[in-house]
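Beneath this line is the structure, given in structure tokens, with notes to follow.
Chains as they are written, first to last, in our numbering: chain A, 143 to 569; chain B, 109 to 416.
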């Protein structure tokens with residue numbers, strides 16, 4: 143690589159990726175392979191893996207060790223928590239959320255998938271589609287991850303049999319259709335042998351004409367869906383300059399949805415005060431226009447009495463602030479959720495009190511089909527709930543915008559994060 | 109400072125996306141916590157944090173002081189840089205001194221050829237957090253630095269002993285950070301979690317940030333120990349056979365002088381440094397940090413005790 147490309151900071155775009163798969167699908171090996179074959183692994187890390195591999199016996203170089211994180215994970219030989227790793231190719235910069243595959247860690251899968259632009263779901267070619275595969279596909283669908291890829295792994299162990307691959311791919315596509323996931327892409331690979339991951343499968347599987355997994359990932363459009371649609375700018379912090387710094391008040395935040403331009407007529411919700419945008423800036427940079435997910439400072443033509451959690455929208459595109467929320471939640475805590483619970487709800491930059499009304503139903507993890515939930519929701523359950531909030535929310539349905547349709551529930555005593563929520567409707 | 113560039117809104121580059129995320133995190137902490145502080149070491153990562161704080165909060169003052177945990181074993185170039193940069197910014201600096209902790213009998217100094225105050229910093233840091241009643245500490249740690257860091261949240265809870273419990277981390281979904289604490293607890297906040305060493309250098313170059321001179325190649329008297337080059341300085345007692353020699357080196361990380369090694373280098377410009385880093389086959393902490401080499405889980409163990 144030349145220095146001009148190394149310092150060419152505006153070139154590659156960022157793709158956030160989550161890997162899902164059950165315990166023995168070879169996820170750690172795939173990640174090790176991705177890091178190794180894109181040359182992200184430094185010599186001291188390789189040395190460490192060689193060391194540990196030989197100490198544990200077996201003598202083979204275990205790529206999966208590259209992703210070992212915590213002491214308990216090494217001791218038990220399992221992955222407990224989501225790990226975030228970076229790698230890059232010439233065309234793209236990736237942040238990979240490595241989500242543990244155990245059933246009891248569904249909350250970690252939701253965590254990893256919540257920020258993902260794409261997921262890679264691992265399937266063992268020998269096992270085919272198992273319950274865990276269905277659950278992961280359902281979570282990807284529920285969280286509306288824009289792109290879902292399936293890597294059918296361990297193809298070497300089924301002799302790169304085309305019929306086997308086609309059978310699995312067909313079953314997955316029909317599952318995906320049922321979940322409303324369009325355009326599921328399936329790629330045959332052997333993470334252990336390194337076939338189909340960075341390099342195409344080529345001669346080993348001449349029947350597969352598609353590119354390698356990494357090429358697929360490089361080709362995915364980063365559509366910036368949130369940059370379209372109506373403006374939603376939650377105010378995080380109001381800058382009130384004093385003394386020599388001078389200048390007017392600035393309303394700062396990260397654009398959650400849409401685009402803001404100088405000259406826009408905006409309305410601050412829930413108060414309804416209106417103003418015209420006079421500046422969209424960041425330190426010494428002035429933007430004509432800025433889009434989600436950029437962080438900006440906004441100047442207005444008059445001083446508004448705004449506080450953290452208020453939302454700037456364009457006049458004419460503002461939703462009605464809502465106090466009644468219907469939502470899908472993923473419950474993430476050992477203490478179960480019961481009707482009548484009093485909690486805190488964080489949405490955008492607003493944290494408000496919430497009361498849980500009806501818990502309408504639980505969702506089957508494999509099909510997302512509804513079943514009654516007479517006992518409330520337990521750890522790793524998905525369900526439909528109604529909530530009433532103390533301060534009105536400026537929200538969209540999660541199906542319209544992930545950023546403005548998502549919330550978390552927090553315990554108001556010990557402050558534990560209890561649930562991830564996705565708004566179905568808000569009135 | 110009236111450099112004004114007008115830019116349209118293309119899809120965000122990786123660096124812009126990382127910057128937007130980091131600024132968002134800082135503003136969340138300013139909004140949610142009452143008494144945050146920004147931890148500043150003088151290293152490139154915390155220098156990037158200062159820039160991000162400018163982007164987040166100018167034209168206002170920073171809504172937090174800047175805190176330096178000073179082992180007393182700093183590189184003089186770094187202390188000089190710190191004072192200059194803080195003065196430029198016009199922000200408030202708190203220095204928490206390990207020497208003061210030693211003088212107050214809170215910790216015992218360590219002596220001998222292989223001694224380092226690295227671990228003593230934890231006590232000084234936790235004492236400073238208590239003294240200033242801090243409820244959030246913003247730091248420049250990155251997930252690519254070390255494997256236990258790869259598992260840590262961007263907003264990470266510490267109990268009232270300052271300890272990190274990796275098995276009881278709060279789920280961190282979307283960009284909805286939960287920074288709430290009970291009395292005595294605090295959060296550690298890592299806005300550049302998702303950055304790599306190369307991202308940091310690219311950002312430093314893009315923003316035209318000055319760095320302490322020791323990041324660039326210079327002639328220095330050094331000696332070799334365990335495959336690392338240490339500064340030949342009265343603070344580090346040499347063992348028999350450790351003969352100093354003068355050569356061209358630079359530092360890849362900036363920590364306590366007693367546990368930070370230099371690398372052989374002729375890179376005197378930012379471009380040359382970035383080229384070297386892209387070509388290197390060894391991680392920065394593996395190459396230059398003795399503190400991480402102690403055991404297989406050295407970083408995780410220190411973090412459980414309250415280390416940065």
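Beta carbons: idealized from backbone N, C-alpha and C, even for Gly.
#### Entry: Sequence-distant residues of its chain with Cβ nearer than 7 Å to residue 559 of chain A (five each side left out)
474, 550, 552
### Task
Name the one or two DSSP bridge partners that residue 531 of chain A has.
A:496
### Task
Check whether the Cβ of residue 379 of chain A lies closer than 8 Å to any Cβ atom in chain B.
yes
### Query
Is the shortest distance between the beta-carbon of residue 240 of chain B and the beta-carbons of chain A less than 8 Å?
No, no contact with chain A.
### Message
Checking 8 Å against the spacing of the C-beta atoms, do residue 359 of chain A and residue 159 of chain A come in under that value?
### Response
Yes, Cβ-Cβ distance for residue 359 of chain A and residue 159 of chain A is below 8 Å.
### Query
Helix, strand or coil: how does DSSP classify residue 437 of chain A here?
strand
### Query
Going by alpha carbons, who is nearest to residue 188 of chain B out of B:299, B:390, B:321, B:171?
B:321
### Query
Using the beta-carbon of each residue, which ones in chain B are nearer than 7 Å to residue 437 of chain A?
128, 131, 132
### Query
In three-state DSSP terms, what is residue 274 of chain A?
For residue 274 of chain A, the secondary structure class from DSSP, reduced to helix, strand or coil, is helix.
### Task
Count the other C-beta atoms from every protein chain shown that fall within 10 angstroms of the C-beta of residue 269 of chain B, then say buried if there are 16 or more, exposed otherwise.
exposed
### Query
Beta-carbon of residue 550 of chain A versus every beta-carbon of chain B: anything under 8 Å?
yes
### Query
Rounded to a whole number of angstroms, what is the C-alpha to C-alpha distance between residue 215 of chain B and residue 366 of chain B?
18 Å
### Message
Tell me which residue opens and which closes the beta strand (DSSP E) that residue 563 of chain A is part of.
### Response
In this chain, the beta strand (DSSP E) harbouring residue 563 of chain A covers 559-568.
#### Entry: Own chain, CB closer than 6 Å to residue 556 of chain A, minus 5 neighbours either side, in chain order
Correct list: empty, nothing qualifies.
### Query
Does the segment 331-348 of chain A come within contact of the segment 295-306 of chain A, defined as at least 3 CB pairs closer than 8 Å?
yes
#### Entry: Any C-beta of chain B under 8 Å from that of residue 154 of chain A
yes
### Distance between residue 349 of chain A and residue 298 of chain B (C-alpha atoms, nearest Å)
One Cα belongs to residue 298 of chain B, the other to residue 349 of chain A, and the distance between them is close to 47 Å.
### Message
Please list, in chain order, the chain B residues whose beta carbon lies closer than 7 Å to that of residue 447 of chain A.
### Response
Chain B residues near residue 447 of chain A: none, gap ~16 Å exceeds 7 Å.
### Message
So, for residue 427 of chain A: in the same chain, excluding its five sequence neighbours on each side, which residues have a beta-carbon less than 6 Å away from its beta-carbon?
### Response
none
### Task
Taking C-beta pairs closer than 7 Å, name the residues in chain B that residue 424 of chain A reaches, listed in chain order.
Chain B residues near residue 424 of chain A: 163.
### Task
Please work out which residues of its chain come closer than 8 Å, Cβ to Cβ, to residue 514 of chain A, disregarding the five sequence neighbours upstream and downstream, and give them in chain order.
503, 504
### Message
Tell me the rounded alpha-carbon separation between residue 311 of chain B and residue 129 of chain B.
### Response
14 Å
### Query
Which bits of chain A does residue 136 of chain B rub up against, with CB to CB less than 8 Å?
378, 491
### Message
On the criterion of 16 or more Cβ atoms from any shown chain inside 10 Å, does residue 457 of chain A qualify as buried, or is it exposed?
### Response
Sixteen is the threshold: since fewer than 16 other Cβ atoms of the shown chains lie within 10 Å of the Cβ of residue 457 of chain A, the residue is exposed.
### Task
Please list, in chain order, all residues of the same chain as residue 413 of chain B whose beta carbon is under 6 Å from its beta carbon, the five residues on each side excluded.
Closer than 6 Å at the Cβ level, and outside the excluded window around residue 413 of chain B, lie 230.
### Query
Grouping DSSP H, G and I as helix and E and B as strand, with all else coil, what is residue 388 of chain A?
Caution applies to residue 388 of chain A, whose pLDDT of 49 falls short of 50 and renders its modelled position unreliable; the model cannot decide the point.
### Task
Helix, strand or coil for residue 540 of chain A, going by three-state DSSP, please let me know.
coil
### Query
To the nearest angstrom, how far is it from the Cα of residue 409 of chain A to the Cα of residue 566 of chain A?
24 Å
### Query
Where does residue 409 of chain B fall in DSSP's three states?
helix
### Task
Note down, in chain order, each residue of its chain lying with its Cβ closer than 7 Å to the Cβ of residue 520 of chain A, except the 5 sequence neighbours on either side.
473, 478
### Query
Less than 8 Å separating the beta-carbons of residue 137 of chain B and residue 244 of chain B?
yes
### Task
Please determine, among B:360, B:135, B:206, B:376, the residue with the shortest C-alpha to C-alpha distance to residue 308 of chain B.
Minimum Cα distance to residue 308 of chain B is reached at B:360.
### Message
Looking at the secondary structure, which residues open and close the alpha helix (DSSP H) in which residue 346 of chain A lies?
### Response
Counting along the chain, residue 346 of chain A falls outside any alpha helix (DSSP H), and DSSP gives it neither H nor E.
### Query
With 16 as the cutoff for other CB atoms within 10 Å, does residue 327 of chain B come out buried or exposed?
exposed
### Task
Find out if the Cβ-Cβ distance for the pair residue 240 of chain B, residue 396 of chain A is shorter than 8 Å.
Against a cut-off of 8 Å, the Cβ pair of residue 396 of chain A and residue 240 of chain B comes out as no contact.
### Query
Whose C-alpha, out of B:206, B:390, B:397, is nearest the C-alpha of residue 182 of chain A?
B:390
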